[in-house]
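Counting the sequence shown from 1 gives a position; my numbering is that position plus 2. Here is the structure we will look at, set down as structure tokens.
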Amino acid sequence: ADFDICEGITTPRLHYGRFLSHLDDLRTLTCLVICSNFQGHGHPIFVHGEGLCIRGSAEQDITWNYPVVASEDLTFGQNAVERGMSWGWIHEYIQLTSPWTWSDFIKQRRRWTWGNIDAVRRGLIPPSGGLMLVARLFLGNAVGLVSFVGLLLVPLGVIHVSDTYFTILLVALAFWLIEYTYAVSVGASYEKNSRSFKIKQTIIGVLLAPITSMTSIVVFFTVLFKGNPKKFEVIAKAKPEKRGAKVKS
Numbered sequence: 003a004d005f006d007i008c009e010g011i012t013t014p015r016l017h018y019g020r021f022l023s024h025l026d027d028l029r030t031l032t033c034l035v036i037c038s039n040f041q042g043h044g045h046p047i048f049v050h051g052e053g054l055c056i057r058g059s060a061e062q063d064i065t066w067n068y069p070v071v072a073s074e075d076l077t078f079g080q081n082a083v084e085r086g087m088s089w090g091w092i093h094e095y096i097q098l099t100s101p102w103t104w105s106d107f108i109k110q111r112r113r114w115t116w117g118n119i120d121a122v123r124r125g126l127i128p129p130s131g132g133l134m135l136v137a138r139l140f141l142g143n144a145v146g147l148v149s150f151v152g153l154l155l156v157p158l159g160v161i162h163v164s165d166t167y168f169t170i171l172l173v174a175l176a177f178w179l180i181e182y183t184y185a186v187s188v189g190a191s192y193e194k195n196s197r198s199f200k201i202k203q204t205i206i207g208v209l210l211a212p213i214t215s216m217t218s219i220v221v222f223f224t225v226l227f228k229g230n231p232k233k234f235e236v237i238a239k240a241k242p243e244k245r246g247a248k249v250k251s
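Okay, here's the thing in structure tokens:
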């Protein structure tokens, strides 16, 4: 790839099928929609360390020497843009393992969220990148909340929406479900999984879409309330019964 920096799509393919791995379907969707557009046009919003490919000359120029506890990938990537490095996106998959426990899931999201907030608040990333990141976090959660409330109150007649606008909303929802279905199918498509497994988990993932979407919003506000961990908290990545030396990352 003719870029200074590029990355692909994160997907929870390894040990897929658990509820926590379905919660990570939203990460795949974000990569397919947000990262593909913004990385593809040379200016990322989010940056993930998994599968981050960097030219040695770019790494030497930007360095990793920033006073961060977490979100070092975001800090590096946003500063690369400021230094004029070329960014790219490739349609290849980085296969991940989702957290094994709910407490680890919260711990991981808390680290990510507060790492991003800390990087923006301390001015460790350029203002344009910080503005894009804050806008994405706010709009993503605000639209999710409004959509969820609307899906509950419009059918009950509490809120009235004109037929024209309601049609537009249904079309938007249909497009989102198509995108989400594709993202779930990507997660289920590990090469060792059977065809029946892939179909079954894709159906389950799509049916869980309202729950996973709302859960991600609840988790976001939960980790905000818990506050800054102020350290890099690790989580176990090996399967519990095969953990042995307790491999962590």
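Glycine included, each C-beta is placed from N, C-alpha and C at the ideal position. No experiment lies behind these values; they were computed from the predicted model shown.
Cβ-based neighbour list, residue i, same chain, cut-off 7 Å, excluding 5 preceding and 5 following
i, result
"Ile237", "Pro101, Asp106, Lys109, Gln110 and Lys250"
"Ser218", "Leu25 and Leu28"
"Glu235", "Lys109 and Arg113"
"His45", "Val83 and Trp89"
"Lys222", "For clarity, residue 222 is Phe in the given sequence; the question names Lys instead. The answer, listed in chain order, is Thr115 and Asn143."
"Lys233", "Val71"
"Pro231", "Arg112, Arg113 and Trp116"
"Asp75", "Val49, His50, Gly51 and Leu54"
Simplified DSSP assignment, three categories, for residue i
i, result
"Arg111", "helix"
"Arg181", "Residue 181 is actually Glu in this sequence, not Arg. If DSSP states are grouped into helix, strand and coil, Glu181 belongs with the helices."
"Ile237", "coil"
"Gly159", "coil"
"Leu154", "helix"
"Ile11", "strand"
"Leu171", "helix"
"Ile36", "helix"
"Ile64", "helix"
"Leu16", "strand"
Residues near residue i in its chain [Cβ-Cβ closer than 6 Å; skip 5 each side]
i, result
"Asn81", "Ile64"
"Leu210", "His24"
"Glu2", "There is no way to answer for residue 2, as the model of the chain reaches only from 3 to 251."
"Leu158", "none"
Supposed close pair residue i, residue j - CB separation, criterion 8 Å
i, j, result
"Ala121", "Ser73", "5 Å"
"Cys8", "Trp66", "With 8 Å as the limit, Cys8 and Trp66 do not qualify as a contact, their Cβ atoms being about 18 Å apart."
"His33", "Ile11", "His is not the amino acid found at residue 33; the sequence shown has Cys there. Right, the Cβ-Cβ distance comes to about 4 Å (below 8 Å), so this counts as a contact."
"Thr77", "Val225", "19 Å between Cβ atoms; not a contact."
"Arg131", "Val83", "It is worth fixing the name first, because residue 131 is Gly in this sequence and not Arg. Their Cβ separation, rounded to whole angstroms, is 7 Å, which keeps Gly131 and Val83 in contact under 8 Å."
"Phe48", "Cys37", "7 Å"
"Ser187", "Thr204", "5 Å"
"Asp1", "Met87", "Residue 1 is absent from the structure shown; the chain starts at 3 and stops at 251."
Own chain residues within Cβ distance below 8 Å of residue i, not counting five before or after
i, result
"Leu31", "Glu181, Tyr182 and Ala185"
"Phe168", "Val156"
"Phe199", "Gly19 and Ala190"
"Gly42", "Gly90 and Trp91"
Minimum Cβ-Cβ distance from residue i to chain B less than 9 Å
i, result
"Tyr95", "No chain B appears in the structure shown, which is made up of a single protein chain."
Checklist entry - At what residue ranges does the region 190-227 contain a whole run of the beta strand (DSSP E), taking only runs of 3 or more? => result none
Checklist entry - In chain order, which beta strand (DSSP E) runs of at least 3 residues are fully inside the region 85-152? => result 89-99
Next on the checklist: Pairs of beta-carbons, one from the region 15-23 and one from the region 187-197, closer than 8 Å: are there three or more?
Outcome noted: yes
Item to check | Meets three-Cβ-pair contact criterion under 8 Å: the region 124-132 and the region 142-154 | outcome: no
Checklist entry - Touch check for the region 37-57 and the region 90-98: three-plus C-beta pairs under 8 Å? => result yes
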